[in-house]
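In our numbering, the protein residues as written are 283 to 552. All C-beta atoms, glycine included, are put in the ideal place defined by N, C-alpha and C. Structure record follows, encoded as structure tokens.
This is the structure we're talking about:
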């Protein structure tokens with residue numbers, strides 16, 4: 283069952299990133315293997331079920347075990363490193379388009395009791411021109427989009443994979459009227475990024491639609507992970523861990539789909 287939820291290719295990328303563990307000398311129950319725990323995490327992420335309802339027949343251990351493993355791996359930076367590894371693979375294969383990037387946010391309703399009583403959470407994301415998520419951050423629902431521009435741009439990791447310096451700045455940034463402030467344009471200029479931000483009262487955000495639609499599609503991809511449709515977690519780090527893992531899965535699917543298409547397009551030997 284673990285192999286069905288976590289493919290061999292994905293596991294080969296994740297396994298080297300996991301922190302090493304040592305067996306306790308005091309004995310006790312045998313530790314649930316990491317791949318099985320990851321399968322439980324993936325099942326909760328994709329199905330949206332509560333941790334306590336994780337089916338025992340999956341062989342993933344209890345929901346508490348999988349939750350703790352998700353928490354510990356987030357603390358160890360596993361999900362961020364996995365996302366970077368996949369971005370590096372895409373960059374090396376020429377599947378990242380750095381000529382332009384898109385930035386936007388989406389509000390997420392929070393279940394009662396989550397997010398310390400606030401009405402919800404905002405998910406902020408930067409994608410390349412094809413919709414590949416380069417970075418994602420969370421904020422409170424009352425945080426203005428423009429305040430997250432600097433943290434988002436600085437959160438794009440340096441991506442190695444080709445000759446020369448690692449790439450971590452897009453050539454151009456597209457954004458809607460929520461970022462129409464001089465400080466946002468100065469922030470882009472300071473980082474050597476050309477900006478195309480819709481101006482309030484002058485032009486419609488729809489004029490940028492031919493470039494910005496990809497980020498809306500990426501939000502739709504994230505919403506297909508049912509655990510992300512609503513914020514159920516009280517702890518922000520757990521919800522962020524799920525979000526980064528979902529972005530990594532999107533990158534993995536983009537990488538494997540392109541590799542499959544390339545192999546199918548290759549000429550066959552006579």
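| said: Assuming residue 323 is part of the beta strand (DSSP E), what are its boundary residues? | reply: Per DSSP, residue 323 lies in no beta strand (DSSP E) segment; the continuous alpha helix (DSSP H) that holds it begins and ends at 316-329.
| task | Give a yes or no on whether the C-beta atoms belonging to residue 380 and residue 447 are separated by under 7 Å. | result | At least 7 Å separates the beta-carbon of residue 380 from that of residue 447.
| query | From the DSSP output, which residues share a beta bridge with residue 456? | reply | In DSSP, residue 456 forms a bridge with 384 and 478.
| Secondary structure at residue 464, three-state DSSP: helix, strand or coil? | It is helical.
| message | Tell me the residue span of the alpha helix (DSSP H) that contains residue 364. | response | 360-374 is the extent of the alpha helix (DSSP H) around residue 364.
| request: Can you tell me which of 495, 357 and 525 puts its alpha carbon nearest to the alpha carbon of residue 508? | output: Ranked by Cα distance from residue 508, the options 495, 357 and 525 are led by 525.
| request: Compute the Euclidean distance between the alpha carbons of residue 300 and residue 364, then round it to the nearest angstrom. | output: Taken atom to atom, the span from the alpha-carbon of residue 300 to that of residue 364 is near 10 Å.
| request: Decide if the stretch 400-413 is in contact with the stretch 383-392; the criterion is three or more beta carbon pairs, one per stretch, under 8 Å apart. | output: Verdict: yes, contact present.
| query | Going by the C-beta, is residue 341 closer than 6 Å to any heavy atom of the ligand GDP? | reply | No copy of the ligand GDP occurs in the structure displayed, which carries no ligand at all.
| message | Since residue 533 and residue 369 should fall inside the 8 Å C-beta cutoff, what is the C-beta to C-beta distance between them, to a whole number of angstroms? | response | With a Cβ gap of about 6 Å, residue 533 and residue 369 count as contacting.
| CB contact flag (residue 566, residue 478, <7 Å) | The requested residue 566 is not part of the displayed model; the chain covers only 283 to 552.
| said: For residue 388, which residues in the same chain have their Cβ closer than 6 Å to its Cβ, ignoring the five residues on either side in sequence? | reply: Contacts found: 405 and 501.
| query | Is residue 449 helix, strand or coil by DSSP? | reply | Secondary structure of residue 449 (DSSP, three-state): strand.
| task | With a threshold of 16 other CB atoms inside 10 Å of the CB of residue 338, please say whether the residue is buried or exposed. | result | With fewer than 16 other Cβ atoms within 10 Å, it is exposed.
| field | Close-in-space but distant-in-sequence residues of the same chain around residue 352 (CB under 6 Å, 5 per side omitted) | value | Apart from the 5 residues on each side of it in sequence, residue 352 sits with its Cβ closer than 6 Å to the Cβ of 323 and 523 in its chain, given in chain order.
| Per DSSP, the bridge partner or partners of residue 406 | Per the DSSP secondary-structure output, residue 406 pairs in a beta bridge with 387 and 419.
| Can you tell me whether residue 413 is buried or exposed, with buried defined as 16 or more other CB within 10 angstroms of its CB? | By the neighbour-count rule (16 or more Cβ atoms within 10 Å), residue 413 is buried.
| request: Using only alpha-carbon positions, find the residue among 539, 439, 515 and 402 that is nearest to residue 349. | output: With distances taken between Cα atoms, residue 349 lies closest to 515.
| request: Report the option in 372, 318 and 302 whose CA atom is closest to the CA atom of residue 290. | output: Of the candidates 372, 318 and 302, the residue whose Cα lies closest to the Cα of residue 290 is 318.
| task | Measure the alpha-carbon distance for residue 362 versus residue 328 and round it to whole angstroms. | result | Cα-Cα distance, rounded: 19 Å.
| message | Less than 6 Å between C-beta atoms, sequence neighbours within five positions excluded: which residues of the same chain meet that for residue 418? | response | 407, 525 and 529.
| With distances taken between CB atoms, is the gap from residue 537 to residue 366 smaller than 7 Å? | For residue 537 and residue 366, no; Cβs fall outside 7 Å.
| How would you label residue 359, buried or exposed, when you count the other beta carbons within 10 angstroms and need 16 or more for buried? | Burial call: exposed.
| field | DSSP beta-bridge partners of residue 334 | value | Bridge partners of residue 334 according to DSSP: none are assigned.
| Distance between residue 461 and residue 427 (C-alpha atoms, nearest Å) | Those two C-alpha atoms are separated by around 7 Å.
| Helix or strand or just coil, what does DSSP make of residue 484? | DSSP, reduced to helix, strand and coil, places residue 484 outside both helices and strands of the structure shown, so it counts as coil.
| According to the neighbour-count rule (16 or more other Cβ atoms, all chains shown, within 10 Å of its Cβ), is residue 341 buried or exposed? | It is exposed - the Cβ of residue 341 has fewer than 16 other Cβ atoms within 10 Å.
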